[in-house]
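Colleague: Following this note's numbering, the numbering of the sequence shown begins with 18 at its first residue and continues without gaps.
Just so it is clear, CB atoms sit at the ideal spot from N, CA and C, and this is done for glycine as well.
Here the structure is a predicted model, which is why all the values come from computation and not from measurement.
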Amino acid sequence: MTDSAPPRRPRVRAPELIGKGGWLNTGEREYTLSDLRGRIVVLDFWTFCCINCLHVLDELRELEHRHPDTVVVIGVHSPKFAHEAEHGAVVDAVERYGVAHPVLDDPELATWKQYAVRAWPTLVVIDPEGYVVAQHAGEGHVHAIERLVTELEAEHGAKGTLRRGDGPYVPPEPEPTVLRFPGKALLLPSGNLLVSDTTRHQLVELAADGEVVRRIGQGGRGLTDGPEDRARFQEPQGLALLPDGTVVVADTVNHALRRFDPETGRTTTLAGTGHQWMQGAATSGPAREVDLSSPWDVAWWQDRVWIAMAGVHQLWTYDPEAGTVAVAAGTTNEGLVDGPAAEAWFAQPSGLAATTDRLWLADSETSALRWVDSDGAVHTAVGTGLFDFGHRDGAAGQALFQHPLGVTALPDGSVAVADTYNHALRRFDPATGEVTTLATDLREPSDAVLVGEDIVVVESARHRLTRLRLPEEAVRVEPVAHRTRRAATEVAPGRLRLDVVFQAPRGQKLDTRYGPSTRLLVSSTPPELLLKGEGAGTDLSRELELDATVREGVLHISAMAASCDDDPANEYPACHVHQQDWGVPVRLTEGATDRLPLVLAGLDEQENGPQTP
18 MTDSAPPRRP RVRAPELIGK GGWLNTGERE YTLSDLRGRI VVLDFWTFCC
68 INCLHVLDEL RELEHRHPDT VVVIGVHSPK FAHEAEHGAV VDAVERYGVA
118 HPVLDDPELA TWKQYAVRAW PTLVVIDPEG YVVAQHAGEG HVHAIERLVT
168 ELEAEHGAKG TLRRGDGPYV PPEPEPTVLR FPGKALLLPS GNLLVSDTTR
218 HQLVELAADG EVVRRIGQGG RGLTDGPEDR ARFQEPQGLA LLPDGTVVVA
268 DTVNHALRRF DPETGRTTTL AGTGHQWMQG AATSGPAREV DLSSPWDVAW
318 WQDRVWIAMA GVHQLWTYDP EAGTVAVAAG TTNEGLVDGP AAEAWFAQPS
368 GLAATTDRLW LADSETSALR WVDSDGAVHT AVGTGLFDFG HRDGAAGQAL
418 FQHPLGVTAL PDGSVAVADT YNHALRRFDP ATGEVTTLAT DLREPSDAVL
468 VGEDIVVVES ARHRLTRLRL PEEAVRVEPV AHRTRRAATE VAPGRLRLDV
518 VFQAPRGQKL DTRYGPSTRL LVSSTPPELL LKGEGAGTDL SRELELDATV
568 REGVLHISAM AASCDDDPAN EYPACHVHQQ DWGVPVRLTE GATDRLPLVL
618 AGLDEQENGP QTP
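(1) Quick one: grab the DSSP three-state call for threonine 19.
(2) Give the straight-line distance between the Cα atoms of valine 230 and glutamate 245, rounded to the nearest whole angstrom.
(3) For arginine 559 and serine 311, I'd like the C-alpha separation in whole angstroms.
(4) Since aspartate 295 sits in a beta bridge, which residues does DSSP pair it with?
(5) Under 7 Å Cβ to Cβ from leucine 98, same chain only, skipping five residues before and after it: list those, please.
(6) Where does the unbroken beta strand (DSSP E) through tryptophan 362 begin, and where does it stop?
(7) Below 8 Å on the Cβ atoms is my guess for proline 185 versus serine 213; work out the distance and round it to an integer in Å.
(8) Enumerate in chain order the residues of its own chain whose CB-to-CB distance from leucine 287 is below 7 Å, with the five nearest sequence positions on each side excluded.
(9) Per DSSP, what kind of secondary structure is serine 384 in: helix, strand or coil?
(10) Roughly how far, in whole angstroms, is the beta-carbon of glutamine 219 from the beta-carbon of glycine 236, given that I think they are within contact range, below 8 Å?
(11) Out of Asp446, Gly227, Ala398, state which residue places its alpha-carbon closest to the alpha-carbon of glycine 430.
(12) Roughly how many angstroms separate the alpha carbons of arginine 479 and histidine 160, rounded to a whole number?
(13) Please determine whether the Cβ atom of leucine 80 lies at a distance below 7 Å from any heavy atom of the ligand NAD.
(14) In chain order, what residues of the same chain have a beta carbon less than 7 Å from the beta carbon of threonine 64, not counting five sequence neighbours either side?
(15) Out of Ala267, Gln415, Glu47, which has the shortest C-alpha to C-alpha gap to valine 187?
(16) If valine 466 and tryptophan 377 are in contact, beta carbons under 8 Å, what's the gap, nearest whole angstrom?
(17) Quick one: residues in its chain with C-beta nearer than 6 Å to the C-beta of aspartate 425, no 5 flanking neighbours on either side, listed in chain order?
(18) Write down the C-beta distance between alanine 435 and leucine 442 rounded to the nearest angstrom, noting that I regard them as a contact closer than 8 Å.
(19) Using the three-state DSSP reduction, which class does cysteine 581 fall into: helix, strand or coil?
(20) Assess contact between the stretch 339-350 and the stretch 380-387, defined as three or more Cβ pairs (one per stretch) separated by less than 8 Å. Is contact present?
(21) What residue from His158, Ser391, Glu146 has the CA that sits closest to threonine 178's CA?
(22) Taking C-alpha atoms, which residue in Gln520, Ser463, Arg512, Gly174 lies nearest to aspartate 86?
(23) Use the C-beta contact count for glutamate 76: other C-beta atoms within 10 angstroms, 16 or more gives buried, fewer gives exposed.
(24) Can you give the Cα-Cα distance for threonine 453 and arginine 444, rounded to whole angstroms?
(25) Of the residues Asp516, Glu545, Arg568, which one's Cα is nearest the Cα of threonine 555?
(26) Does the stretch 504-511 come into contact with the stretch 562-573, if we say contact requires no fewer than three beta-carbon pairs (one atom in each stretch) closer than 8 Å?
(27) State whether the stretch 196-211 contacts the stretch 126-137, with contact taken as three or more CB pairs (one from each stretch) at a distance under 8 Å.
(28) Name the residue from Leu53, Asp122, Ile91, His84 whose alpha carbon lies nearest to the alpha carbon of lysine 37.
(29) By the three-class DSSP mapping on this structure, what secondary structure does glutamine 597 have?
(30) Would you kindly work out how many angstroms separate the C-alpha atoms of alanine 565 and leucine 548, rounded to a whole number?
(31) Of all the beta strand (DSSP E) runs that stay within the bounds of the stretch 252-326, which reach a length of 3 or more residues?
(32) What is the C-beta distance between alanine 578 and threonine 535, in whole angstroms, given that I count them as a contact (C-beta under 8 Å)?
(33) Taking the alpha-carbon positions, what's the phenylalanine 198 to alanine 327 distance?
(34) Of the choices Gly105, Asp410, Arg217, whose alpha-carbon is the least far from that of alanine 498?
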């Protein structure tokens with residue numbers, strides 16, 4: 018006899034959705050959870066600077082497409098950077114990334130706190146009766162959520178508590194601009210400019226006077242080679258000129274490198290499979306057989322195409338002679354660590370510029386300007402880490418950027434930085450070690466290109482290119498310093514129990530065929546914060562000891578768990594890697610909690626209490 022009873026799972030009443038910025042993509046209607054009763058609600062806690070959040074947006078599109086009348090995805094925008102708390106910037110980001118579901122703008126992190134969220138991105142599933150039934154941190158969980166959705170559809174369909182129908186999404190009216198959130202630009206040998214028109218999934222060639230010469234790509238999402246009216250891209254970004262006169266394109270959401278030939282108008286694929294690189298996949302090999310992960314910019318240096326692989330916090334290279342790709346620098350850990358290429362940490366590298374002896378890069382999540390020397394060692398010119406940012410000129414050691422996306426080499430050996438969230442063009446001079454401001458009142462500049470004695474700035478959020486004369490003296494600005502908007506977690510000094518919560522999705526089990534299937538890596542800023550518990554291990558729980566004399570700091574925690582389908586009859590079960598990096602600001606306070614739970618997948622039953630029938 019088969020037990021047909023629905024599975025018992027933790028059920029916690031979902032807190033209400035609150036956001037001072039209001040609702041987007043709903044036709045100006047505001048929603049409460051009671052309005053959504055009867056539907057399966059997936060809350061996506063995201064912020065638009067975060068590459069992992071953008072990956073989840075792409076994953077959710079398929080879930081929404083397959084369950085259009087039962088699932089409602091609600092994006093809860095929860096800012097990290099000061100700029101991301103501006104309502105207009107959230108409006109822009111929702112259009113820029115093609116978010117096709119309602120979004121709650123929560124600039125004060127009210128709903129984030131109510132749901133005890135600690136990481137971007139985090140997904141929370143609410144059943145049709147208004148109970149939280151699952152929580153997942155990081156990307157790559159949608160396969161598990163879809164299985165849960167299928168179970169909830171059957172369970173609540175049988176109970177009569179499932180309500181099918183159209184969702185609350187109301188698309189915005191399209192704007193008739195020539196460019197729409199352009200990403201990067203390149204000066205062609207002809208004197209024309211080639212621009213990645215990111216949100217329209219095209220490249221656009223512009224004459225010197227700004228007139229459109231031609232558009233390359235059909236304008237819809239896809240990965241198709243061919244002539245300019247047949248090719249398809251998906252949110253292309255970086256552009257670099259190759260020695261043969263063709264252009265390599267970082268086709269970001271397709272996880273691919275493409276080649277555009279200005280002479281013939283044809284686009285072909287150089288590297289990538291169209292699938293996102295995941296932990297355990299190949300890190301070198303034939304270019305068309307190796308997965309990539311959100312390549313954001315490209316540059317020609319040392320007879321290679323260098324790739325800012327934002328999705329995995331690394332630099333890769335493409336060798337056109339051999340037709341291969343390989344990791345060049347970075348460990349996939351997110352942070353700011355200099356040193357030999359194989360040991361360096363990056364945080365979403367998003368802009369590249371090459372000189373004879375240096376490859377400059379804008380490391381956006383650390384608000385840093387960094388460079389690679391001819392021996393492959395990584396250095397930091399400006400920036401201190403994941404949580405410090407602002408707009409401050411002066412000596413490089415105390416200067417601040419805010420999420421820069423572009424860098425441009427200047428004729429005098431200095432570099433211009435597209436300081437995106439400060440709406441400014443900045444300059445760093447290696448000879449003096451000074452940072453100055455070249456121009457302000459630019460709207461989310463994402464790149465700049467030299468044209469004669471001028472510099473042409475890609476003003477992404479104004480949908481245009483802006484030509485500036487390089488000034489002899491920098492513009493003076495008042496210094497501003499920020500830290501991340503997320504409040505510090507108060508913990509007790511001394512012993513702290515770290516628990517990474519992982520429950521394998523229903524129908525799966527931990528994959529122990531080749532040894533331990535979990536990994537935990539812990540470090541801190543400053544290093545003195547941790548007296549005990551630093552380093553790598555396979556247990557997802559660990560006892561830490563915090564130095565009571567260090568009052569504040571950041572715990573850096575990276576966790577991984579591998580699970581496979583639990584079906585003895587399947588000789589080759591499908592397996593999935595669940596991974597997330599947390600940077601948790603902590604403040605040591607007597608009498609505060611001595612346990613820090615971080616949810617990788619599942620629910621923390623110690624925090625949420627027992628199951629409710």
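Modeller: Short version:
(1) Here the model assigns threonine 19 a pLDDT of 43, short of 50, so the residue's position is not dependable, and the following value carries that caveat. Three-state DSSP puts threonine 19 in coil, outside helix and strand.
(2) 12 Å
(3) Approximately 33 Å between the Cα atoms of the pair.
(4) The sequence given here has methionine at residue 295, not aspartate. Answer is none; methionine 295 lacks a bridge partner.
(5) The question names leucine, but residue 98 is phenylalanine in the sequence shown. If we look at phenylalanine 98 and ignore the five residues flanking it on each side, its Cβ neighbours are Cys66, Phe406, Gln419, His420, Tyr438.
(6) That residue, tryptophan 362, is in no beta strand (DSSP E); it is neither H nor E in DSSP.
(7) Between serine 213 and proline 185 the Cβ distance is about 32 Å, and since that is not below 8 Å, they are no contact.
(8) Val265, Leu274, Arg275, Arg276, Ala304, Tyr335
(9) coil
(10) Yes, glutamine 219 and glycine 236 are in contact; Cβ-Cβ is about 6 Å, under 8 Å.
(11) Closest in C-alpha terms to glycine 430, from the list Asp446, Gly227, Ala398, comes Asp446.
(12) 37 Å
(13) Here there are no bound small molecules, and the ligand NAD is not part of this structure.
(14) Cys70, His94, Ser95, Pro96, Lys97, Glu101, Trp137
(15) Glu47
(16) With 8 Å as the limit, valine 466 and tryptophan 377 do not qualify as a contact, their Cβ atoms being about 14 Å apart.
(17) Note that residue 425 corresponds to threonine in the displayed sequence, not to aspartate. Answer for threonine 425: Ala370, Ala433, Ala465, listed in chain order.
(18) The C-beta distance from alanine 435 to leucine 442 rounds to 6 Å, short enough to fall under 8 Å.
(19) strand
(20) Verdict: no, contact absent.
(21) Glu146
(22) Gly174
(23) buried
(24) 5 Å
(25) Asp516
(26) yes
(27) no
(28) Asp122
(29) strand
(30) Answer to the nearest angstrom: the Cα atoms are 10 Å apart.
(31) 253-258, 264-268, 273-277, 284-288, 301-303, 312-318, 321-326
(32) Contact holds; Cβ gap of about 5 Å.
(33) 18 Å
(34) Asp410
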